[in-house]
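Contents: one structure, followed by commentary.
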Amino acid sequence: MKITKAKLEAVAAGARQYPPENIPEIAFAGRSNVGKSTLLNLLTGRRGLARVSGSPGKTRTINFYDINDGQFRIVDLPGYGYAKLSRSQTEKWGKMMEDYLEHRPNLMRVIQLVDCRHDPSAQDVQMYEYLRYFGLDGVVVATKADKISKNKLQVSERAIRKGLSMAKDDILIPVSSLSRTGVEELKDVIEDLISSPAGE
Ligand SMILES: Nc1nc2c(ncn2[C@@H]2O[C@H](COP(=O)(O)OP(=O)(O)OP(=O)(O)O)[C@@H](O)[C@H]2O)c(=O)[nH]1
Ligand SMILES: [Mg+2]
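Each residue of the sequence shown is one higher than the one before, counting from 1 in the numbering used here.
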């Protein structure tokens, strides 16, 4: 699949700001700082499209990116596990995620991102279980693959599969924004996801 165009279409803090439901969507979920916005920039080939930051908690809204003039959307979800969030901010985050993940008919799948250097956190596990419950699971990206050796990466792939209790045919793709490892494979997976009938 080729991504030739990408633009920010909507920034939403709630359902009223979502764009119309007429276009298939793929969303990125994962803890803060795992590399969701970076991955979006990498896939679209536009470095400055989504704001990337060394400090976690950069993306606090649900950001909808139009790909190829209406072919599909990539949705950058706000990260979790950001320690400095107050309780009311955490509640707001939870409600925002729930509203979107449970009530979005054109959401085809959620790609869960985990950092390849660490075992999945309790929140990663919780998120993947939640996605499984809603039938949105099945694709995981291990980010920052450039930070560890090939051997260690294999070990950590096994740890991620085990930690998240991934099914045998669930897909796990190591990706690096520096070396562009995994980008083409992920694009092919996304192409399949947007063309499969909803709910399958
Ligand atoms: N070495 C390396 N660094 C990466 C990679 N992907 C992301 N980063 C770095 O990780 C940091 C966080 O990246 P973001 O893309 O802003 O993370 P995010 O998941 O969008 O974070 P929030 O918006 O806070 O939820 C940045 O400093 C990125 O440059 C990667 O594949 N390799
Ligand atoms: Mg972000």
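By construction, the Cβ of each residue, glycine as well, lies at the ideal position given by its N, Cα and C atoms. Small disclaimer: the values here were computed from a predicted structure and weren't measured.
Worksheet item: So does D119 have its beta carbon nearer than 8 Å to some heavy atom of ligand 2?
Response: It does not: the Cβ of D119 is nowhere closer than 8 Å to a heavy atom of ligand 2.
Worksheet item: If you pair each beta-carbon of the region 102-121 with each one of the region 41-58, do three or more pairs fall below 8 Å?
Response: Between the region 102-121 and the region 41-58 there are fewer than three C-beta pairs closer than 8 Å, too few to call the two in contact.
Item to complete: Scan the region 3-75 and note each continuous beta strand (DSSP E) run of 3 residues or more that stays entirely inside, going in chain order.
Response: The region 3-75 contains these whole beta strand (DSSP E) runs: 6-12, 25-30 and 62-67.
Item to complete: Confirm the yes/no value for this check: CB of D146, any heavy atom of ligand 1, distance under 8 Å.
Response: D146: yes, Cβ under 8 Å from ligand 1.
Item to complete: Compute every distance between the C-beta of K36 and the non-hydrogen atoms of ligand 1, then say whether any falls below 8 Å.
Response: K36: yes, Cβ under 8 Å from ligand 1.
Worksheet item: Looking at the unbroken beta strand (DSSP E) that takes in D115, where does it start and where does it end?
Response: Segment L107 to D115, the beta strand (DSSP E) holding D115.
Practice prompt. Take the Cβ of E25 as the centre, count every other Cβ of all protein chains shown within 10 Å, and call the residue buried at 16 or more, exposed below.
Written response: For E25, the number of other beta carbons within 10 angstroms of its own is at least 16, and it is reported as buried.
Item to complete: Compare the beta carbon distance of I67 and A12 with 9 Å and say whether it is the shorter of the two.
Response: Against a cut-off of 9 Å, the Cβ pair of A12 and I67 comes out as no contact.
Discussion item. Using only CA atoms, which one of R60, F64, F72 and P120 lies nearest to E91?
Written reply: With distances taken between CA atoms, E91 lies nearest to R60 out of R60, F64, F72 and P120.
Item to complete: Assign E200 to one of three DSSP states: helix, strand, or coil.
Response: Residue confidence is low: E200 scores 48 on pLDDT, short of 50, so the model does not pin down where it sits. No coordinate-derived value is stated.
Discussion item. Taking 9 Å as the threshold (C-beta atoms), are Y65 and T44 in contact?
Written reply: Yes, they are a contact pair.
Item to complete: Can you grab the Cα-Cα spacing for the pair M127 / R161, in whole Å?
Response: Cα to Cα, the separation comes out at about 14 Å.
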